[in-house]
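FYI, the numbering used here numbers position 266 of the sequence shown as 266, with every residue one higher than the one before it.
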Amino acid sequence: MNIEIEKPAIAHICLSQGWGGLEMYPIRTGKESIARGYKTYGICVEGTQVATGMKAAGIEVFEVSSKKSLVLSQVTKLDKWLRSRNVGIIHSHKSGDILVSSLLDVLTKRKAFFTEHMGVTRSKKDPYHRWVYSHLDRIFSISDETYERNINALPIKPQKLTRLWLGTDIPEYPIEDVDEIKKIKQELAIPVDSVVVGNIGRLCIGKGQLELIEAFSLLKQSTSNMHLLLVGGLDVSEGSDNAFVKTLKDRISTLGLTKSVHLVGFRKDTNRMLAAMDIVCLPNHNEAFGLTAIEAMAAKKAIVGSNTGALPEILEPVALLCNPLSPQSIADKIEEYLIDQHYLGQNAKKAFERAQSEFSMKSHVDKLFDHYLNETKTEIKRGNFLRLRLRNKVKVESNNTLSIAKSSRIRQCNISIKGFGNKLLIDDNVNIRRSHIEIDGNNCLIHIKGNSTIGQNCYLSAREKNINLVVGEDCMFSRNVKIMTSDGHNIIKEGKRINFAKSINIGSHVWLADNVTLLKGVTVGDNSIVGINSTLTKSSPSGSITAGNPARIVQKDVTWQHEIDY
1 MNIEIEKPAI AHICLSQGWG GLEMYPIRTG KESIARGYKT YGICVEGTQV ATGMKAAGIE
61 VFEVSSKKSL VLSQVTKLDK WLRSRNVGII HSHKSGDILV SSLLDVLTKR KAFFTEHMGV
121 TRSKKDPYHR WVYSHLDRIF SISDETYERN INALPIKPQK LTRLWLGTDI PEYPIEDVDE
181 IKKIKQELAI PVDSVVVGNI GRLCIGKGQL ELIEAFSLLK QSTSNMHLLL VGGLDVSEGS
241 DNAFVKTLKD RISTLGLTKS VHLVGFRKDT NRMLAAMDIV CLPNHNEAFG LTAIEAMAAK
301 KAIVGSNTGA LPEILEPVAL LCNPLSPQSI ADKIEEYLID QHYLGQNAKK AFERAQSEFS
361 MKSHVDKLFD HYLNETKTEI KRGNFLRLRL RNKVKVESNN TLSIAKSSRI RQCNISIKGF
421 GNKLLIDDNV NIRRSHIEID GNNCLIHIKG NSTIGQNCYL SAREKNINLV VGEDCMFSRN
481 VKIMTSDGHN IIKEGKRINF AKSINIGSHV WLADNVTLLK GVTVGDNSIV GINSTLTKSS
541 PSGSITAGNP ARIVQKDVTW QHEIDY
């Protein structure tokens, strides 16, 4: 058999209108998933940096005007859009977006993931949040610190929660060429012989840039050739807090630092910005992870980081830690590097090595996709798997179950399962040869019970939603039998569909002769026979013989046996 388990298609929900590490994360992982052959989609607000970034990364997007409009009027449309693309995984990145994921889960069962980037501390164990979080299959905490916060604050069982550090692209060779660094400094109007302390991140109160400016002012008194480089959007459209940016600029002016503090705005070339820095300072007040920290490590930089939040677990072995609320503490740690250049170089090297071993994007995505596949894996429970593999062709999409008993003989068959939550169950001692079994829908079931035989060129099909096709024990199907729960195409009357799929139930010890067709909604009673070339459009009772097109009852109170006497 040729078993082909398709990779699950993934949709990232990020309805944020800001721009920072959280918003960049689904774009980075989405780009990596596309490179690995996964179909990847995005759900975002039109006109945002997220939308622009997703499109630039090759991610097809479903754009909405706002989260409110999506929740109130577009969820059904979105669900249809996702189903048309066979999306089996929904990954949310802001807590507010989980509502969308939950509503989608009500409409169509998919596997739902959430990366908790913020490290929530406020309890979310009220009825609303219990309902929303109950629709998640796994939650990722981005650090040990956030893991502990999540355990205490979220209405989830611990087994649903996993600590998964973020990752970034680690260059094999960071920019260290002296001439290249001089060129970058010249572009930024920074003297080439200056010492540069730098910070990358969203400009807002919690990232500590104001305290860093105060610390820089203290250091400037004794180190005149020092410059401060702040990289981050200067407008709300780029993720900043406009009021905070104004406060920042006013303070820089008041301290007389306008010529030595460089606000360069949002930059895509963060590797070049980091290359221009001698020391990276991250005095974040209570960071949940700190993607910029591992970016600085990947750039092979000496780092001063906050001694609060998640930064210590990321940085402590390879960086100096400060009190982020104390400009003096920040200045003291920066000065340690200025005094001891050997220590600065040593920590920069260690930081790079730690980034390579612990925080590469490849390592992160490997672990993330292990979780995707473990949660969405297609279950193939099999006994004599080798024989099955050699003799059949099977194509099964993710989120489905194929269970074949060890004692069954399945040969030269085509088995196709598309959609979500479907099951094909084949019990003990079933014999099927050169037949086609198809499920195409959501939450459908084909169950072939024990000791049944299905002859050549038979066709069993369960389609649409919540449809069952059950074959009882000890049944015998001759050649060219067709059993279909759906007509295959919509029939419309007065603008409405009138031919919805219906389940089919075949009792035990049923004999279907050559060229029999069973249409949607029929039940065939136990010990029954359907004659050659018959089409059954209505149910037949137990112990009956039906024949004709359409079939009618021609005999009652009978049974049959496999052996023939002569």
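Each residue gets a CB set at the ideal place from its N, CA and C atoms; glycine is no exception.
Check the Cα spacing between ASN466 and each of TRP81, MET273, SER503: the tightest is with SER503.
At a Cβ-Cβ threshold of 9 Å, PRO174 and ALA302 do not count as neighbours. Comparing alpha-carbon positions, the option among LYS77, GLU23, LEU164, SER134 lying closest to ASP370 turns out to be LEU164.
One thing to note: SER416 has its Cβ within 9 Å of the Cβ of ILE437. Excluding the 5 residues flanking it on each side, SER123 has same chain C-beta neighbours closer than 7 Å at ALA153, in chain order. CA-to-CA, the gap between LEU210 and LEU282 works out to about 11 Å. Counting only the Cα atoms, SER542 lies some 49 Å from HIS91.
As summarised for the stretch 132-194, the continuous alpha helix (DSSP H) elements at least 4 residues long and confined to that stretch are 144-153, 178-187, given in chain order. In this structure, GLY232 and ILE200 form a Cβ contact; the two beta carbons are roughly 7 Å apart against a cut-off of 8 Å. Residues of the same chain with a CB within less than 6 Å of the CB of SER435, apart from the 5 flanking positions on each side, are CYS413, ILE454, CYS458 in chain order. Only residues of its own chain outside the window of five on either side were considered, and among them ARG149, ALA153 have a CB closer than 7 Å to the CB of THR121, listed in chain order. Looking at the backbone, the Cα of GLN456 and that of GLY521 are separated by about 24 Å.
Per the coordinates, the alpha-carbon of LEU82 lies some 10 Å from the alpha-carbon of ARG110. Annotation: the continuous alpha helix (DSSP H) that includes ILE334 extends over 327-339. A contact is defined here as three or more CB-CB pairs under 8 Å, and the stretch 242-250 fails this definition with respect to the stretch 285-300.
Three or more Cβ pairs closer than 8 Å define a contact, and the stretch 96-111 meets that threshold against the stretch 128-140. LYS482: not part of any alpha helix (DSSP H); member of the beta strand (DSSP E) spanning 482-484, first to last residue. In this structure the stretch 400-413 does not lie against the stretch 63-81, because fewer than three pairs of beta carbons, one per stretch, are closer than 8 Å. Annotation: ILE10 to LEU78 spans about 14 Å, alpha carbon to alpha carbon. Per DSSP, the unbroken alpha helix (DSSP H) holding GLN209 starts and ends at 209-220.
In this chain, the beta strand (DSSP E) harbouring ILE279 covers 279-282. Listed in chain order, the beta strand (DSSP E) runs fully inside the stretch 445-507 are 445-448, 459-465, 468-471, 482-484, 504-506, counting runs of at least 3 residues. When secondary structure is reduced to three states using DSSP, ILE98 falls in the helix class.
LEU188 is the residue among LEU188, LYS333, SER217 whose C-alpha sits nearest the C-alpha of MET273. Under the three-state reduction of DSSP, ARG251 is assigned to helix. Cβ atoms of ASN515 and ILE532 come within 8 Å of each other, at about 6 Å.
With 16 or more other CB atoms across the displayed protein chains lying within 10 angstroms of its CB, TYR41 is buried.
Sixteen is the threshold: since fewer than 16 other Cβ atoms of the shown chains lie within 10 Å of the Cβ of TYR343, the residue is exposed. By the C-beta density criterion, GLU287 is buried, having at least 16 other C-beta atoms within 10 angstroms. When C-alpha distances from ILE142 are compared across ASN400, GLU23, LEU166, ILE156, the shortest belongs to LEU166. Ranked by Cα distance from ASP526, the first of ILE184, GLY548, VAL470 is VAL470. Within the same chain, and ignoring the five residues on either side of ARG497 in sequence, the residues whose Cβ sits closer than 6 Å to its Cβ are ASN490. Membership of MET297 in the alpha helix (DSSP H) is indicated by the continuous run 291-298.
By the neighbour-count criterion, in which 16 or more other beta carbons inside 10 Å mark a residue as buried, LYS449 falls on the buried side. Here SER540 is near VAL524, since their CB atoms are less than 9 Å apart. Taking C-alpha positions only, ASP440 is separated from ILE89 by approximately 18 Å.
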